[in-house]
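See below for the structure under consideration.
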Amino acid sequence: MTEAEQVNPTTEPVRTTPQAGERLSEDDTRVWFEELMKTYGKRVGSYFLYRTGDEEGARDLVIETFFRAWRARESFRGEAKASTWLWTIARRTLAAYYENKTRRSPEVLTDEMPDMAAPEEMPVVERTTRQALLDCLETLNERVQRSAELVWVLGHSYVEAAQIMEESADSVRMRLKRARSPLQRCLTEKGIVGSQA
Amino acid sequence: MNDAQKQYIERLTEAELNGEPLPEAQSDEERQSLEQFRQTSAIFAELQNTKLVDEWQGEVWARIDEALESETGDGADEESGDIAPRNDADDKKDLHDKVDNVIDASARFRRVSVYGALIAAAAALLLVFTVKLAPMADVGEPAPAMKADVAMPEGSPAASGAREQDSRGTLLAKNLEMDEAEESVEAAMPAEVAPTSGNYGLRKEKFDAPMKMKKSADKGGFEGGEGYRNDMDGAGGKAEEAAEPTAADSTIVAGSPPKDAEKPGDDWGRGLMQSGKLQERPRMTAGEVDDNADFEGFQSFLRERNKPQLEPVDVSERLFVRILDADNRPLPNTEVDFKVGQQVVFTGKTYSDGWTLFHPRSVPLAAQATSFELEVRSGPLRSQYTIERGSKERFEFRVPVQRVLPARAQLDLVFLLDTTSSMADEIERLQQTIIGISDDVSKLASNPEVRFGLVLYRDDSDEYISKVYPFESEVAVFQQTLAQVNASGGGDLPERLEVGLHRSINELAWRPDATRLVFLVADASPHGRDQNEFSYSHDAMVAASKAIKVYPVASSGLSDDGEYVFRQIAQLTMARFIFLTYGASGTETPHDIVPGSFQPETLDALIVRIVREELAGLERE
Chain A
1180 MTEAEQVNPT
1190 TEPVRTTPQA
1200 GERLSEDDTR
1210 VWFEELMKTY
1220 GKRVGSYFLY
1230 RTGDEEGARD
1240 LVIETFFRAW
1250 RARESFRGEA
1260 KASTWLWTIA
1270 RRTLAAYYEN
1280 KTRRSPEVLT
1290 DEMPDMAAPE
1300 EMPVVERTTR
1310 QALLDCLETL
1320 NERVQRSAEL
1330 VWVLGHSYVE
1340 AAQIMEESAD
1350 SVRMRLKRAR
1360 SPLQRCLTEK
1370 GIVGSQA
Chain B
50 MNDAQKQYIE
60 RLTEAELNGE
70 PLPEAQSDEE
80 RQSLEQFRQT
90 SAIFAELQNT
100 KLVDEWQGEV
110 WARIDEALES
120 ETGDGADEES
130 GDIAPRNDAD
140 DKKDLHDKVD
150 NVIDASARFR
160 RVSVYGALIA
170 AAAALLLVFT
180 VKLAPMADVG
190 EPAPAMKADV
200 AMPEGSPAAS
210 GAREQDSRGT
220 LLAKNLEMDE
230 AEESVEAAMP
240 AEVAPTSGNY
250 GLRKEKFDAP
260 MKMKKSADKG
270 GFEGGEGYRN
280 DMDGAGGKAE
290 EAAEPTAADS
300 TIVAGSPPKD
310 AEKPGDDWGR
320 GLMQSGKLQE
330 RPRMTAGEVD
340 DNADFEGFQS
350 FLRERNKPQL
360 EPVDVSERLF
370 VRILDADNRP
380 LPNTEVDFKV
390 GQQVVFTGKT
400 YSDGWTLFHP
410 RSVPLAAQAT
420 SFELEVRSGP
430 LRSQYTIERG
440 SKERFEFRVP
450 VQRVLPARAQ
460 LDLVFLLDTT
470 SSMADEIERL
480 QQTIIGISDD
490 VSKLASNPEV
500 RFGLVLYRDD
510 SDEYISKVYP
520 FESEVAVFQQ
530 TLAQVNASGG
540 GDLPERLEVG
550 LHRSINELAW
560 RPDATRLVFL
570 VADASPHGRD
580 QNEFSYSHDA
590 MVAASKAIKV
600 YPVASSGLSD
610 DGEYVFRQIA
620 QLTMARFIFL
630 TYGASGTETP
640 HDIVPGSFQP
650 ETLDALIVRI
660 VREELAGLER
670 E
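Chains as they are written, first to last, in my numbering: chain A, 1180 to 1376; chain B, 50 to 670.
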């Protein structure tokens, strides 16, 4: 059992992950990809939901991310962790989404997105809470923010986060230790958390 | 939130990360923190329980199948089972082209924006020089060394531009092609920056000639262990000498725009912007941190970021010494020798607030000493003191003299700029910002005698490696020089920051009684000591021994290594680390800064405030 699994037993390794240099048959690739979606779909969704505060948009971004991942499947050679690879694609997808929003021409992205209504059973974290969390996390510097996103929002262990960020687990752990106080203070100031339950 | 609460939350976080039971709260404050901790964790847990209805996976497969169909529909051969070794590159390209439309469109947009900005900036600069500098070239006698290059060739874009100076639109239309615009600017540049002027512009082949690291009077202190001393004796004589070309550094860029030429008005810089010749853009916001104040955090940062290619300096022990006059007023520019026995291991010079800083563990000869003898030199007076090591960190000594200040405070202000192409996007904004700063500083209520210096640097194999413009007391002339700066070259990391820093510290004619400040604006780290004879950490310590503060301004894209170097330089010279900030609230920074530890403000306001603070110690009663 790896350190990551010890720390976070909910992490489910993808069983058919290609090994370094291995090329899968089409059937195996589909199995691998199905498991990839099952394993990481929720985390990627959490990330997009927290970043956009928009359930429908988050869902579209998840679909877009995995579609891009499929298109880029040949770039995954099994040398890095699937989560690292997928995380990079997710961040790029989000960057494209924000650039579209900035340019106010959402058709570039949304043209390729299926038109779906927001399902009713979406997460219950309120929009104001998410926005407050987003604001508070954005007061942290980028590295701290990324560490926090990976561990607290996406549910990676700090060991996995360290692998994704290509640095030591100790660095991530130290950074998160330092980050929790200001984050909690910020959430308290915004009235999101308080001394009374 | 007090320190005890912070520590408790750190213990909670540690336990949570390790999957251990949370430590029990022992006080009301801790109980409150625990409750908040649980609530925050609950928010995260809820986010992690995001429900995406199952159909989303079906949507992905539907899109994949659709793409595969179009792939095969386009005539691609269906591989038999093994999908990895697809060889139809063109077909794959088409597929990827469709998928990456979003990113490609964005990238194109960015390229167009950057090129547009560059073209506009080039055209604006051309106009500036045709309107302002072309007439100047004919007025008065240029500095002798510039004579050969001042006249613009007949028929050059600059010369023709002078005839078309009333039509900015015409100029823009004539310079839509980037290459043409660049040529125009080069041709219109004054002699001291024109690449064709043989004695100016640091050329690669000349730079490659032996260049000995000037350790001034420190005699090998960095590695030899004899310590640091400043070399600015007397009335700046040595510094003046250093500004003259020598055999080793015969490539110094000499001179500033012709002194006798017609000078534009005081508001020339602002006028540039108001007239639209330099396009007004949103101001840059920035924050600052004092790593000497949060020294524990800074040491953690250094430990975390240290790498072999960097130049770690052992700053773990600090001795702050402040020299006051008989009336307890800070004595600036007072030399303080730190001695072990009779051996001087470091010579500091007090900043405007009377402080100097010595790091004993950074100098081998001082590392084992149990005490230091201090000799304070204030004019003809020599005062002796003893510091017992380990007793405390800060010492104040009062010497029996009355402080004598110049009639007006003197300020030598240098901008040390990275002008490689990665700075292109920011250089125009920097020009505006610095123009604003120079205007504001020259109008400070304390009415200082300000001189502005400019040092530029790029990288090996570029048009130049570094350029040093001597101090200029006319703000408008300085602004002219600054407006000529463009960004080019570079293309990789690192850049020749260490050369620019070395020349700023050692070759400019700093005034001995001035407050001396350098603002280093860059987005890349320097070359390591193994790649040249200069050392940024050595020159930072030399700066400290000359009472020159170096304020690094981290521009966008500064790497972790760059941040390490910048913060080292700031800490060693008792300056502060400045960084550009982003986001609507201006609180976002990619650097390792404790959240909430800085207050974002516009960069020009921040620098003007720092200048004001630096001069505050010199206020008269």
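Even glycine gets a Cβ: it sits at the ideal position worked out from N, Cα and C.
Counting only beta-carbon separations shorter than 8 Å, does V109 of chain B have a partner in chain A? Chain A, which has a Cβ nearer than 8 Å to the Cβ of V109 of chain B, makes this yes.
Under the three-state DSSP convention, the category S1350 of chain A falls into: In the structure shown, S1350 of chain A sits in a helix (DSSP, three-state: H, G or I).
Short CB-CB distance (under 8 Å) between I1268 of chain A and chain B: Not one chain B Cβ lies under 8 Å of I1268 of chain A.
From A:E1368, A:A1274, A:G1370, A:K1356, pick the residue whose C-alpha is nearest to that of R58 of chain B; which is it? Reading off the sequence shown, one finds Ile at residue 58 of chain B, where the question assumed Arg. Residue A:K1356 is the option with its Cα nearest to I58 of chain B.
Threshold first: 4 residues or longer. Then list the alpha helix (DSSP H) segments lying entirely within the region 482-563 of chain B, N to C. For the region 482-563 of chain B, whole alpha helix (DSSP H) runs of length 4 or above, ordered along the chain, are 524-532, 546-556.
Measuring only between beta-carbons, confirm whether L1312 of chain A sits less than 8 Å from chain B. For L1312 of chain A, a Cβ of chain B is located within less than 8 Å of the residue's own Cβ.
Proximity winner among B:E547, B:D467, B:L557, B:G502, relative to I484 of chain B (alpha-carbon distances): Comparing alpha-carbon positions, the option among B:E547, B:D467, B:L557, B:G502 lying closest to I484 of chain B turns out to be B:G502.
What do you get for R431 of chain B, buried or exposed, if any count of 16 or more other CB atoms within 10 angstroms of its CB means buried? By the 10 Å Cβ count, R431 of chain B comes out exposed.
Hey, L664 of chain B and L460 of chain B are a contact pair by Cβ (cut 8 Å); roughly how many whole angstroms apart? About 7 Å; that satisfies the 8 Å criterion.
To the nearest angstrom, how far is it from the Cα of V1372 of chain A to the Cα of L1366 of chain A? For V1372 of chain A and L1366 of chain A, the distance between alpha carbons rounds to 6 Å.
Just verifying my parser: in three-state terms, what is the DSSP assignment at L414 of chain B? L414 of chain B falls in the helix class under three-state DSSP.
Using a beta-carbon distance cut-off of less than 8 Å, what residues from the region 1343-1363 of chain A approach chain B? Answer set for the region 1343-1363 of chain A: S1350, R1352, M1353, L1355, K1356, R1357, A1358, R1359, S1360, P1361, L1362, Q1363.
Which residues bound the alpha helix (DSSP H) around Y585 of chain B? Where Y585 of chain B is concerned, the enclosing alpha helix (DSSP H) stretches over 585-594.
For W110 of chain B, tell me which candidate among A:T1318, A:Q1310, A:E1214, A:G1334 has the shortest Cα-Cα distance. With respect to the C-alpha of W110 of chain B, the residue from A:T1318, A:Q1310, A:E1214, A:G1334 having the closest C-alpha is A:E1214.
Proximity of Y1219 of chain A and L1273 of chain A at Cβ, strictly below 8 Å: Not a contact, by the Cβ cut-off of 8 Å.
For S1262 of chain A, go through chain B and note every residue whose CB falls closer than 8 Å to its CB, in chain order. The contacting residues do not exist; S1262 of chain A stays about 14 Å from chain B at best.
Secondary structure of T1308 of chain A, DSSP reduced to three states: Helix.
Find the nearest neighbour of F1212 of chain A within the set B:I113, B:F93, B:S76, B:A64, judged by alpha-carbon distance. That would be B:I113, whose Cα lies nearest to the Cα of F1212 of chain A.
When you compare the region 1310-1324 of chain A with the region 623-640 of chain B, are there three or more beta-carbon pairs, one atom per stretch, that lie closer than 8 Å? Proximity of the region 1310-1324 of chain A to the region 623-640 of chain B meets the contact definition, three or more beta-carbon pairs being nearer than 8 Å.
Residue nearest to V517 of chain B in terms of C-alpha spacing, selected from B:S491, B:S510, B:V548: Taking only the C-alpha atoms, the option nearest V517 of chain B is B:V548.
One or two residues paired with W404 of chain B in a DSSP bridge: According to DSSP, W404 of chain B bridges with B:R371.
Pick helix, strand or coil for V389 of chain B, following the three-state DSSP scheme. Strand at V389 of chain B.
Using the rule of at least 16 other Cβ atoms within 10 Å of the residue's Cβ for burial, across every protein chain shown, is A589 of chain B buried or exposed? Answer is buried; the Cβ neighbour count reaches 16.
Could you tell me if R1306 of chain A is buried or exposed, where buried requires 16 or more neighbouring beta carbons within 10 angstroms of its beta carbon? Around the beta carbon of R1306 of chain A, fewer than 16 other beta carbons sit within 10 angstroms, so the residue counts as exposed.
Report the neighbours of Q648 of chain B on chain A: residues whose CB is nearer than 8 Å to its CB, in chain order. Per Cβ cutoff of 8 Å: no residues; Q648 of chain B is ~12 Å from chain A at best.
How would you list, in chain order, the residues of chain B whose beta-carbon sits under 8 Å from the beta-carbon of R1322 of chain A? What R1322 of chain A touches in chain B: P639, D641.
Between the Cα of K398 of chain B and those of B:E650, B:V389, B:L493, B:L373, spot the shortest distance and give me the residue it belongs to. For the residues B:E650, B:V389, B:L493, B:L373, the minimum Cα distance to K398 of chain B belongs to B:L373.
Given that K356 of chain B touches chain A, what residues does it touch there, using C-beta distances under 9 Å? For K356 of chain B, there are no neighbours in chain A by C-beta distance under 9 Å, as the nearest C-beta there is about 12 Å away.
Report yes or no: do the region 333-340 of chain B and the region 354-363 of chain B share at least 3 C-beta pairs separated by less than 8 Å? Fewer than three Cβ pairs drawn from the region 333-340 of chain B and the region 354-363 of chain B lie within less than 8 Å of each other, which leaves the two stretches out of contact.
What first and last residue would you give for the beta strand (DSSP E) that runs through S608 of chain B? Where S608 of chain B is concerned, there is no enclosing beta strand (DSSP E), given that its DSSP letter is neither H nor E.
How long is the line joining the alpha carbons of L667 of chain B and F568 of chain B, rounded to whole angstroms? Looking at the backbone, the Cα of L667 of chain B and that of F568 of chain B are separated by about 20 Å.
Starting from I597 of chain B and walking both ways along the alpha helix (DSSP H), at which residues does that stretch end? Careful: I597 of chain B lies outside any alpha helix (DSSP H), inside the beta strand (DSSP E) at 597-603.
Top-ranked residue by Cα proximity to H587 of chain B, from B:I554, B:R367, B:L566: Ranking the options by Cα distance to H587 of chain B, first place goes to B:I554.
Compare the Cα-Cα distances from D1239 of chain A to each of A:G1334, A:R1209, A:L1316, A:K1221 and report the closest residue. Among A:G1334, A:R1209, A:L1316, A:K1221, the Cα nearest to that of D1239 of chain A is on A:K1221.
Less than 8 Å between the beta carbons of E108 of chain B and I1343 of chain A, yes or no? No, Cβ-Cβ distance for E108 of chain B and I1343 of chain A is not below 8 Å.
Closer than 8 Å by C-beta to F446 of chain B: which residues in its own chain qualify, once you throw out the five before and the five after it? Chain order, please. Result list for F446 of chain B: V370, R371, I372, L373, L423, V425, S432, Y434, in chain order.
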